[in-house]
Each structure stands twice: as C-alpha cells, then as structure tokens.
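> Chains as they are written, first to last, in my numbering: chain A, -18 to 87; chain B, -18 to 87. Quick reminder that beta carbons are idealized off the backbone N, C-alpha and C, glycines included.
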DNA sequence: GACAAATATGAATATACGTTCATATAATAT
DNA sequence: ATATTATATGAACGTATATTCATATTTGTC
C-alpha cells in the first residue's frame, strides 16, 4: 500500500505530522487524551509541566488539528481529533518495546 | 493496549524514534528502503540529495537502528532493520490522506 | 605504489523550536 | 467595579540539528 511512489508533498505532510508528534510534552498530552477529553488544568497536572508550556504545546496540536476544543464556562476541554493517533501510539510503542527486547540479548 | 500508564522513559524513547522519522531526507530514504535494500549511490539517486547529506542521515538511521548495513566490495547496502517502519508509514500516510479529505470539504 | 570510485566524517553555519518569564484576555463571583 | 481563576499569547534565550563544504578513509584496479 505505501510501497508505491509517494510524492514529495505527501512526504512533507508526513514529516509535519511526525514533527508534531516527536516532542516529549506533546506526547504526554496526546497520551493523556487517549483516555478521553481533559481540560487544560487537568493536563497541566497529568503532564507535570508549566501552565505556559502546556498551553503553547496545545496550540501546536490545535494548529495541526491533532486535537479539537470545547469550551465550558472558564474551562477549555481538549480531545483527540484523529483516530489514527491511537494507531500511531500503538506502532511507536511496539517499536520501542521490541528494540528494548533486542537490547537485552545484545 | 497503549491507553495504560506509560512511564516517562518509554515516552522519551518514543520521542526519539519519532524525531528520527520526522525529517524529509530520512523519510525519503526509509521510503526507498521499503521496496528492498539499496546501496548509498542508489539512495543518493532516488532521494535526490547530496552525497554528504545522504551519508549523514544514513548515520542517524544507523545509530538509531532503523537500518542495518551490509558491505560488498566498495558498495554499502542499507536495509530496514525493523518491521514496524512499514506500519509507521502506513499509519502516518493514512493520517495525511484523511486530513487531506477533510480539508476538501472545509 | 598511484589512482579512481564509493562512502564516511568533521567543522561551520543557519535555522527551527522548546522552554521560561511576564503579561494579556476572558469568564465568573463577590 | 474589583478580584480571582483559567487559559492564551508574545518576547527572549538557548539548544538541537539539517545542510553544505572540504577532507578523510576504504577498496579495487592499473
């Protein structure tokens, strides 16, 4: 399926998505959202980063449409806007685990 | 499966993998290798980047064990060292395609 | 050994970006 | 209206890294 020719524009878009995903703070946010929507305060708590940092990174996730927003009074709730994020997590997680195995029997 | 608690060390390793994958040149190299092993000269041709750049990026892929190496006389052949790369490609590709659909009916 | 071809490596540069700090905005409550 | 809570935003800084240029290394051939 993917072992066809992929044009450069598509590769660039793939690069873009992977770039957004390849940050510790954003990964923690995405992971937190796997179990359902959370507001910013909750995310700050779970991720363990500063308010400003979490807010900035949420902006990045928003701009790239990985998350969508819902406002309720003063709270802002974020949730995953993409079913593929789950699969992305699965694949990357599986990779990391396998590499860990291989390392053990060096 | 992944909607469990994932410790920070694992997240860091996921970040690391995604970082390696999130580069245009490296993505093109990985994509070229999906169809089978290639030597450096062939990769330079396919990717359309300079000899130095391809060689540098191959080093990054090597260091992170995404590719493995085989030498034959003066040629060096690279191939994917991981079955998950295929799946990673599939997932990211699917994501990009879906986002493209959604954009069309803005 | 000298030379050529294939690949790797090191230094230098420029740019992108993650994080912090300070401040702004928006909504609610008193 | 003021104060408070929740969230967003802008500037500044430091660091990581992609790319280029020049040079080194390795292997094979003459």
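If we ignore side chains and look at the alpha-carbon of each, how far apart do residue 4 of chain A and residue 42 of chain A end up?
Locating residue 4 of chain A in the first chain gives position 23, counting from the first residue. Locating residue 42 of chain A in the first chain gives position 61, counting from the first residue. Between residue 4 of chain A and residue 42 of chain A, the alpha-carbon positions lie close to 11 Å from each other.
> Could you check the C-alpha separation between residue -6 of chain B and residue 52 of chain A for me, to the nearest Å?
Numbered from its first residue, the second chain carries residue -6 of chain B at position 13. Numbered from its first residue, the first chain carries residue 52 of chain A at position 71. Whole-angstrom Cα-Cα distance: 33 Å.
> Answer yes if the region 59 to 75 of chain A comes into contact with the region 62 to 78 of chain B, meaning at least three C-beta pairs across the two stretches below 8 Å, and no otherwise.
yes
> Who are the near neighbours of residue 25 of chain B in its chain, counting only those whose CB is closer than 8 Å to its CB and skipping five residues on each side?
What you label residue 25 of chain B is simply residue 44 of the second chain in a count that begins at 1. Counting only Cβ-Cβ distances below 8 Å, and skipping sequence neighbours, we find 31, 32 and 35.
> Run through the DSSP bridge pairs and tell me what residue 60 of chain A is partnered with.
Taking the first residue of the first chain as position 1, residue 60 of chain A is located at position 79. A:49, per the DSSP bridge assignment.
> Residue 19 of chain A bridges to which residues according to DSSP?
Position 38 of the first chain, counted from the first residue, corresponds to residue 19 of chain A. Partner(s): A:59.
> Can you give me the start and stop residues for the alpha helix (DSSP H) that residue 54 of chain B sits inside?
For the purposes of this step, residue 54 of chain B is identified with residue 73 of the second chain, where counting begins at 1. First-last for residue 54 of chain B: undefined, no H or E at that position.
> According to DSSP, is residue -17 of chain B helix, strand or coil?
Mapped onto the second chain, residue -17 of chain B falls at position 2. When secondary structure is reduced to three states using DSSP, residue -17 of chain B falls in the coil class, being assigned neither helix nor strand.
> Are there three or more Cβ pairs, one per stretch, closer than 8 Å when the region 54 to 62 of chain B is compared with the region 2 to 22 of chain B?
Yes, they touch.
> By the criterion of Cβ-Cβ separation under 7 Å, what are the contact partners of residue 98 of chain B in chain A?
Chain B is shown from -18 up to 87; residue 98 of chain B falls before or after that span and cannot be answered.
> Hey, how far is the Cα of residue 91 of chain A from the Cα of residue 84 of chain B?
Any question about residue 91 of chain A goes unanswered here, given that chain A covers just -18 to 87.
> Around the Cβ of residue 38 of chain A, are there at least 16 other Cβ atoms within 10 angstroms (buried) or fewer (exposed)?
Within the first chain, residue 38 of chain A is the residue found at index 57, counting from 1. That one is buried.
> Using 10 angstroms around the beta-carbon of residue 66 of chain A, count the other beta-carbons present and answer buried if the total reaches 16, otherwise exposed.
In the first chain, the residue the question calls residue 66 of chain A occupies position 85. Classification for residue 66 of chain A: buried.
> What number of angstroms, rounded off, separates the C-alpha of residue 49 of chain A from the C-alpha of residue 81 of chain B?
Within the first chain, residue 49 of chain A is the residue found at index 68, counting from 1. Within the second chain, residue 81 of chain B is the residue found at index 100, counting from 1. So the alpha carbons of these two residues sit roughly 17 Å apart.
> Using a Cβ-Cβ distance cut-off of 7 Å, determine whether residue 8 of chain B contacts chain A.
Start at 1 with the first residue of the second chain, and residue 8 of chain B comes out as number 27. At least one chain A Cβ lies under 7 Å of residue 8 of chain B.
> So which residues on chain A does residue 46 of chain B lean against when the C-beta distance must stay under 7 Å?
For the purposes of this step, residue 46 of chain B is taken as residue 65 along the second chain, with counting starting at 1. Within 7 Å Cβ-Cβ: 80.
> Let me check understanding here. Comparing Cα to Cα, which of B:45, B:40, B:-13 and B:8 lies closest to residue -9 of chain A?
Along the first chain, read from residue 1 onward, the residue named residue -9 of chain A stands at position 10. Of the listed residues, the one whose Cα sits closest to residue -9 of chain A is B:8.
> Which same chain residues end up closer than 6 Å to residue 46 of chain A when comparing Cβ atoms and leaving out the 5 residues on each side of it in sequence?
Taking the first chain and counting its residues from 1, the one referred to as residue 46 of chain A is at position 65. The residues are 62.
> Is the Cβ-Cβ distance between residue -2 of chain B and residue -1 of chain A less than 7 Å?
Stepping through the second chain from its first residue, residue -2 of chain B is reached at position 17. Stepping through the first chain from its first residue, residue -1 of chain A is reached at position 18. Not in contact: residue -2 of chain B and residue -1 of chain A (Cβ atoms no closer than 7 Å).
> Which residues in chain A have a C-beta closer than 7 Å to the C-beta of residue 63 of chain B? List them in chain order.
Walking along the second chain from the start, residue 63 of chain B turns up at place 82. Near residue 63 of chain B (Cβ distances below 7 Å), the residues of chain A are 76.
> Here's the rule I'm using: 16 or more other beta-carbon atoms within 10 Å means buried, otherwise exposed. How should residue -14 of chain A be labelled?
As a working note, residue -14 of chain A is residue 5 in the first chain. Exposed, since its Cβ has fewer than 16 Cβ neighbours within 10 Å.
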